[in-house]
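The structure under discussion appears below in the form of structure tokens.
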Amino acid sequence: FLNMVIVTILSVLFAIVVCQQCPKHGETRIADPNNNCRYLLCREGKGRWYTCPQGKIFSESDQCCVWPRKSSSDNKQSKNSANAQKSKNSNSGNYKKQNSGS
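Following the working numbering, the numbering of the sequence shown begins with 27 at its first residue and continues without gaps.
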């Protein structure tokens, strides 16, 4: 019985914290400050925690899970190099998957 009471209290406290973090209107995702693989999906003031697929991290600026090297927190030089390469591409960034050697 005591375990059920503790779980209920913790659930209520967790819900209060989630409600305080989520805006009342609209949809957004908020990074977990303690775990870069988790984020809070907020919809109309209600939130639910999600975990990124293995190997990916949540990027708050991109609002999705990304591979660590594609995170907006990468250094500017890597971004600038990628943008320069993209602008040189003759198909305007519409990349095709390449075969891996057959």
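Cβ atoms here follow ideal geometry from the backbone N, Cα and C, with glycine treated the same way. A quick note: this is a predicted structure, and the numbers were derived from the prediction, not measured.
If I measure Cβ to Cβ from residue i and keep anything under 6 Å in the same chain, skipping five residues before and after, which residues do I get?
i, result
"residue 50", "71"
"residue 53", "69"
"residue 94", "83"
When you compare only the Cα positions, how much space is there between residue i and residue j?
i, j, result
"residue 66", "residue 83", "13 Å"
"residue 85", "residue 64", "10 Å"
"residue 61", "residue 32", "24 Å"
"residue 57", "residue 29", "30 Å"
Compare the C-alpha of residue i against each of the options and name the closest.
i, options, result
"residue 59", "53, 69, 52, 75", "75"
Leaving aside the five residues before and after residue i along the sequence, list all residues of the same chain whose C-beta is less than 8 Å from its C-beta, in chain order.
i, result
"residue 90", "55, 84"
Take residue i and list the residues in its own chain whose beta-carbon comes closer than 7 Å to its own, dropping the five residues that flank it on each side.
i, result
"residue 92", "82, 83, 85"
"residue 79", "91"
"residue 77", "63, 64"
Terminal residues of the continuous beta strand (DSSP E) containing residue i?
i, result
"residue 73", "72-77"
"residue 87", "No beta strand (DSSP E) contains residue 87, which DSSP labels as neither H nor E."
"residue 69", "61-69"
"residue 55", "53-58"
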